[in-house]
Amino acid sequence: MGLGLSVDDIFKPCINLRASQTILKACYDSALKSYPAGQVALRHALSCYNTGSLINGISNGYVTKVINVARQSTDLKIPTLLPDGQTSEDSTATEPQQAKSTATQYDGEQDVFGSGDGDAFSRNNTDAFLTKQETAKGE
1 MGLGLSVDDI
11 FKPCINLRAS
21 QTILKACYDS
31 ALKSYPAGQV
41 ALRHALSCYN
51 TGSLINGISN
61 GYVTKVINVA
71 RQSTDLKIPT
81 LLPDGQTSED
91 STATEPQQAK
101 STATQYDGEQ
111 DVFGSGDGDA
121 FSRNNTDAFL
131 TKQETAKGE
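Following the UniProt record's numbering, the numbering of the sequence shown begins with 1 at its first residue and continues without gaps.
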């Protein structure tokens with residue numbers, strides 16, 4: 001998926017957010033093909049957003065980091081990203097919840113910064129969404 005953005009474009013907030021939305025939506029659509037809608041597909045979409053893979057962003061800890069940051073936010077009025085095993089599917093939060101200073105960190109996976117695996121931008125690909133076969137063929 002080429003977005004046609006320059007390095008300068010990425011540092012323009014509105015353009016950056018539009019690109020982020022485009023990528024996350026494409027990742028969510030892709031996740032829906034293999035995973036149930038809602039929290040499961042959302043976690044896999046976030047993985048894709050980070051690495052271009054529906055699973056590598058889970059194993060490298062990125063999704064865990066996003067879950068932990070979202071849990072600490074006090075003014076979000078969007079669906080809450082839930083850890084595995086939780087089933088509450090509220091469509092939107094009606095009242096912001098105070099972050100608990102004693103909240104246990106979700107530790108389903110390792111810390112996102114704890115490994116040197118890198119992300120989609122640390123690889124020598126022209127497109128983070130290319131498959132290994134496409135990359136090998138030089139497409």
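Cβ atoms here follow ideal geometry from the backbone N, Cα and C, with glycine treated the same way. A quick note: this is a predicted structure, and the numbers were derived from the prediction, not measured.
Which of the three DSSP states is assigned to residue i in this structure?
i	result
LYS12	coil
ILE55	coil
ASP75	coil
ASP84	coil
THR94	Because THR94 sits at a pLDDT of 43, beneath the cut-off of 50, its placement in the model cannot be relied upon, and the following sentence gives the value as read from the coordinates. Reduced to three states, the DSSP call for THR94 is coil.
VAL24	The question names Val, but residue 24 is Leu in the sequence shown. Reduced to three states, the DSSP call for LEU24 is helix.
ALA37	coil
SER30	helix
Please list the terminal residues of the continuous alpha helix (DSSP H) segment that includes residue i.
i	result
ASN68	62-72
Quick check: what's the CA-CA separation for residue i versus residue j?
i	j	result
GLY2	VAL40	26 Å
SER20	ILE10	10 Å
THR22	ASN16	10 Å
SER84	ASP75	The residue you asked about is not Ser; residue 84 is Asp in the sequence shown. Looking at the two C-alpha atoms, the distance is approximately 23 Å.
LEU46	ARG18	16 Å
TYR28	SER6	24 Å
PRO13	ARG43	24 Å
SER73	LYS65	13 Å
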